[in-house]
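Let me begin by presenting the structure, written as structure tokens, before commenting on it.
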Amino acid sequence: MKFNKIVCVDNTKLNDDAIKKLQNYSEQKVEVYSDYPESNNEIIKRLGDAQAVIVSWHTRIGEEIIDQCPNIKYIGMACSLYDDESANVAVKYAREKNIKVTGIRDYGDPGVAEFVISELIQLLSGYKERQWKEMPLELTDAKIGIIGLGVTGKLLADCLMPFGARLFYFSRTRKYDYKKKGVEFLPLKKLLDTCDIISLHLPRNVTILEKEEFQHLGNAKIIINTSLGRPFNEKALTDWLGVDGNFAVFDGDARNELSSETLKLPGVISTSKGAGWSAQTLQRLSAKVVANLEEYCKNS
233 MKFNKIVCVD NTKLNDDAIK KLQNYSEQKV EVYSDYPESN NEIIKRLGDA
283 QAVIVSWHTR IGEEIIDQCP NIKYIGMACS LYDDESANVA VKYAREKNIK
333 VTGIRDYGDP GVAEFVISEL IQLLSGYKER QWKEMPLELT DAKIGIIGLG
383 VTGKLLADCL MPFGARLFYF SRTRKYDYKK KGVEFLPLKK LLDTCDIISL
433 HLPRNVTILE KEEFQHLGNA KIIINTSLGR PFNEKALTDW LGVDGNFAVF
483 DGDARNELSS ETLKLPGVIS TSKGAGWSAQ TLQRLSAKVV ANLEEYCKNS
């Protein structure tokens, strides 16, 4: 089957080859936008009577948009779809309207793991302006807690193992295959008590660290967040960062969730670039988005 029109409603970052392949399934020319709409009205205007939408994680396709664009049959998320609650698309409502929603997984994980390890090595060793402790440190024997042992968390654990780090995790479900690898499950507060470094890998719209959790974390610690969201109470974070020796590291996407005041704090290390946005990432993302749409069209 073909759609009457496919619209990439925002900057999905699909490569040229992906756009060409999408054109095979669109009667009209595929419309591609390279920015992010600032309102629901702008999203609705861009979609018009299109039957298929491709959207990044930046733009929300909520119930109002679905109601105002009754021709939509397919929404392809050019981003991860972990669960309905954390999605930037009203997935349950779309399904009630017989709209197919697809998402992708496992496309930017290697770059995220590389970012975490790179930032840790630089901060522990003092290769840049700041150094965590008085003496440079290796990752050897570092007590690292991974919150969210999904694909990215597992890959990070695998990458850290050769360095001899002591690894722990907290997750909604137990990962017994990683217990066999020596990665120990701990309840959240015990994990925070035990570990000196915490790496957060959680879906959007999940808040896990409040004031009490930061009290358990204590001082002279490091937090790294590459989650697409803010999995902590920002006031509790800034209070914690008020203590000398505490550091928080953010990639570009996580940085965007913080206030300008927080970003100015001495213990904050951030970059404008999103972790995992490499040439290989974009190739995987593009291929998976197209594959989802092709599968839908072949089975419809």
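Last residue of the sequence shown: number 532 in the numbering used here, and the count goes up by one each step with no gaps. Glycine included, each C-beta is placed from N, C-alpha and C at the ideal position. The structure displayed is predicted, hence computed values, not measured ones.
Return yes when the Cβ of residue j is within less than 9 Å of the Cβ of residue i, no when it is not.
i: Leu434; j: Gly380; result: yes
i: Gly508; j: Gly343; result: yes
i: Ser431; j: Ile501; result: no
i: Leu388; j: Leu369; result: no
i: Asp485; j: Leu517; result: no
i: Asn478; j: Ile456; result: no
i: Ser288; j: Asn247; result: no
i: Lys237; j: Asp281; result: yes
i: Tyr314; j: Gly382; result: yes
i: Val333; j: Leu279; result: no
i: Tyr532; j: Arg436; result: One detail in the question is off: residue 532 reads as Ser in this sequence, not Tyr. No, Cβ-Cβ distance for Ser532 and Arg436 is not below 9 Å.
i: Asp390; j: Lys413; result: yes
i: Ile429; j: Ala480; result: no
i: Val348; j: Thr458; result: yes
i: Ile378; j: Ala326; result: no
i: Phe235; j: Tyr306; result: yes
i: Lys386; j: Lys407; result: yes
i: Ala284; j: Val323; result: no
Let me check one thing: in DSSP terms, what residues is residue i bridge-paired to?
i: Thr334; result: Gly308
i: Ala284; result: Ile238 and Tyr306
i: Tyr401; result: Ile378 and Phe417
i: Ile298; result: Bridge partners of Ile298: none, in fact.
i: Val481; result: Ile456 and Ile501
i: Glu263; result: Val239
i: Ser258; result: Phe235
i: Arg321; result: Reading off the sequence shown, one finds Val at residue 321, where the question assumed Arg. Beta-bridge pairing links Val321 to Ile293.
I'd like to know if residue i contacts chain D, where contact means its C-beta is closer than 9 Å to some C-beta of that chain.
i: Glu444; result: Any reference to chain D falls outside this structure, which holds one protein chain only.
Nearest to residue i by alpha carbon, out of the options?
i: Ser491; options: Gln515, Asn465 and Ala511; result: Asn465
i: Ala310; options: Arg406, Val321, Glu317 and Cys301; result: Val321
i: Asp341; options: Ile307, Lys234, Thr384 and Ala282; result: Thr384
i: Arg337; options: Thr513, Ala397 and Lys530; result: Thr513
i: Val438; options: Pro463, Glu416 and Glu444; result: Pro463
i: Ile286; options: Val475, Val264, Gly396 and Leu469; result: Val264
i: Lys245; options: Thr458, Tyr339 and Ala397; result: Tyr339
i: Glu351; options: Tyr410, Thr334 and Leu392; result: Leu392
i: Arg398; options: Glu416, Lys386, Tyr408 and Asp409; result: Glu416
i: Asp483; options: Glu346, Glu361 and Lys412; result: Glu346
i: Ser266; options: Ser312, His290 and Gln283; result: His290
i: Thr494; options: Ile293, Val323 and Trp472; result: Trp472
i: Lys505; options: Arg487, Tyr268 and Thr372; result: Arg487
i: Arg404; options: Gly474, Lys324, Gly396 and Ile440; result: Ile440
i: Glu489; options: Pro394, Lys467, Ile276 and Lys443; result: Lys467
Run through the stretch 334 to 378 for me and flag every whole alpha helix (DSSP H) of 4 or more residues, listed as ranges in chain order. Within the stretch 334 to 378, the complete alpha helix (DSSP H) runs of at least 4 residues are 341 to 357.
Using 8 Å as the threshold, is the stretch 289 to 302 in touch with the stretch 267 to 277, meaning 3 or more CB pairs across them? A contact between stretches requires three or more CB pairs, one per stretch, nearer than 8 Å, and the stretch 289 to 302 meets this requirement with the stretch 267 to 277.
Touching or not, the stretch 421 to 438 and the stretch 447 to 455, by the rule of three or more beta carbon pairs under 8 Å? Yes: at least three Cβ pairs fall under 8 Å.
3-residue-minimum beta strand (DSSP E) runs that sit fully inside the stretch 487 to 519, ordered along the chain: List check, beta strand (DSSP E) in window: 500 to 502.
Enumerated in chain order, which unbroken segments of the alpha helix (DSSP H) with a length of 4 residues or greater are wholly contained in the stretch 427 to 466? Complete alpha helix (DSSP H) runs here, min 4: 443 to 449.
State whether the stretch 237 to 254 contacts the stretch 517 to 527, with contact taken as three or more CB pairs (one from each stretch) at a distance under 8 Å. The stretch 237 to 254 makes contact with the stretch 517 to 527, as at least three CB pairs between them are under 8 Å.
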